[in-house]
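Student:
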Amino acid sequence: MLVGHFAVGLLAKRAAPRVSLGTLMLAAMLPDLLLFVFVMAGIEQVRIARGGLIGENIAMSHGLVTGVIWGTALASGYFLWRRYRPGAWILFAAVVSHWLLDFVSHKPDMPLAPGTHSYFGLGLWNSLTATLVVEGGLWVIAVIVYARATRPKKRAGVFAFWGIVVLLTLAWINNIAGPPPASTFAVQGLFFFSIVVAWFYWVNWLRPAVAQV
76 MLVGHFAVGL LAKRAAPRVS LGTLMLAAML PDLLLFVFVM AGIEQVRIAR
126 GGLIGENIAM SHGLVTGVIW GTALASGYFL WRRYRPGAWI LFAAVVSHWL
176 LDFVSHKPDM PLAPGTHSYF GLGLWNSLTA TLVVEGGLWV IAVIVYARAT
226 RPKKRAGVFA FWGIVVLLTL AWINNIAGPP PASTFAVQGL FFFSIVVAWF
276 YWVNWLRPAV AQV
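Take 76 as the starting number for the sequence shown in my numbering and just add one per residue.
(1) Quick one: what does DSSP say ILE123 is sitting in, helix, strand or coil?
(2) Verify whether the separation of the beta carbon atoms of PRO106 and SER151 is less than 8 Å.
(3) Where do the ends of the alpha helix (DSSP H) carrying LYS88 lie?
(4) Hey, could you find the ends of the alpha helix (DSSP H) ARG160 is sitting in?
(5) Which residue marks the beginning of the alpha helix (DSSP H) containing ASN201, and which one marks its end?
(6) Mind checking which residues open and close the alpha helix (DSSP H) that includes SER151?
(7) Is GLY253 helix, strand or coil when you go by DSSP?
(8) Would you mind giving the Cβ-Cβ distance between HIS192 and GLY142, rounded to the nearest angstrom? I have them listed as a contact below 8 Å.
(9) Take every Cβ of the region 92-109, pair it with every Cβ of the region 240-257, and state whether three or more of those distances are shorter than 8 Å.
(10) Mind reading off the beta-carbon distance from VAL26 to ARG230? Whole number of angstroms is fine, and I expect it under 8 Å.
(11) Locate the alpha helix (DSSP H) running through THR259, then write down its first and last residues.
(12) Do the CB positions of TRP57 and HIS181 come within less than 8 Å of each other?
(13) Under three-state DSSP, which class holds LEU110?
Structure, rendered in structure tokens:
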């Protein structure tokens with residue numbers, strides 16, 4: 076998934092308004108960010124295919140067990156820094172949700188843990204219609220929920236939020252209907268997602284939660 080993962084970050088803001096939206100997006104996208112780093116380092120491998128990437132050795136970044144470990148590490152670091160227990164739990168859940176959403180969308184290439192040889196996936200991506208309805212519907216709901224749970228400080232808060240919504244929607248459409256990813260996908264993906272996460276930190280500053288107003 077693409078916007079499905081970002082939808083988790085938007086929905087999580089409603090559950091934990093004190094956590095920065097950028098940090099929530101970092102949690103939701105952490106396995107993909109790690110994947111790009113591990114691919115560039117030669118630790119993990121994926122195969123480029125029509126319609127996207129197929130994981131061939133992605134258990135360090137995308138295993139369910141390692142997802143729990145990464146989620147625990149991020150949540151623990153956040154709790155030690157902010158002392159906000161509900162926020163730490165939400166961050167943990169956001170990281171683990173990445174495996175669950177990829178399990179729904181991927182062909183069977185989602186591992187449980189390094190060293191295991193069982194792979195899972197329901198293959199939502201096999202159906203363009205189902206992808207548009209399920210992932211697109213989740214994205215629309217998340218955007219509406221976030222927009223209603225926050226208020227822009229100024230006009231920049233409106234443009235910053237809806238600008239990133241449009242950008243991610245276009246990237247998603249290209250992801251599911253465009254050409255296969257380039258061989259430099261890891262570098263491009265790490266750069267793009269890092270910019271997006273930073274953008275959401277900016278959006279968080281421009282659009283405080285309603286309860287904080």
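No residue lacks a Cβ here, since even glycine has one placed at the ideal position from N, Cα and C.
Values in this document were obtained by computation on a predicted structure and should not be read as measured data.
Tutor: Let's see:
(1) strand
(2) no
(3) 78-90
(4) 160-180
(5) From DSSP, ASN201 is part of no alpha helix (DSSP H); its letter is neither H nor E.
(6) 139-157
(7) coil
(8) Incorrect: roughly 18 Å between the Cβ atoms, too far for contact.
(9) no
(10) The question about residue 26 has no answer here: the residues shown for the chain are numbered 76 through 288.
(11) Looking at the DSSP string, THR259 is not in any alpha helix (DSSP H), and its letter there is neither H nor E.
(12) Residue 57 falls outside the range modelled here, since the chain spans only 76 to 288, and no answer is possible.
(13) helix
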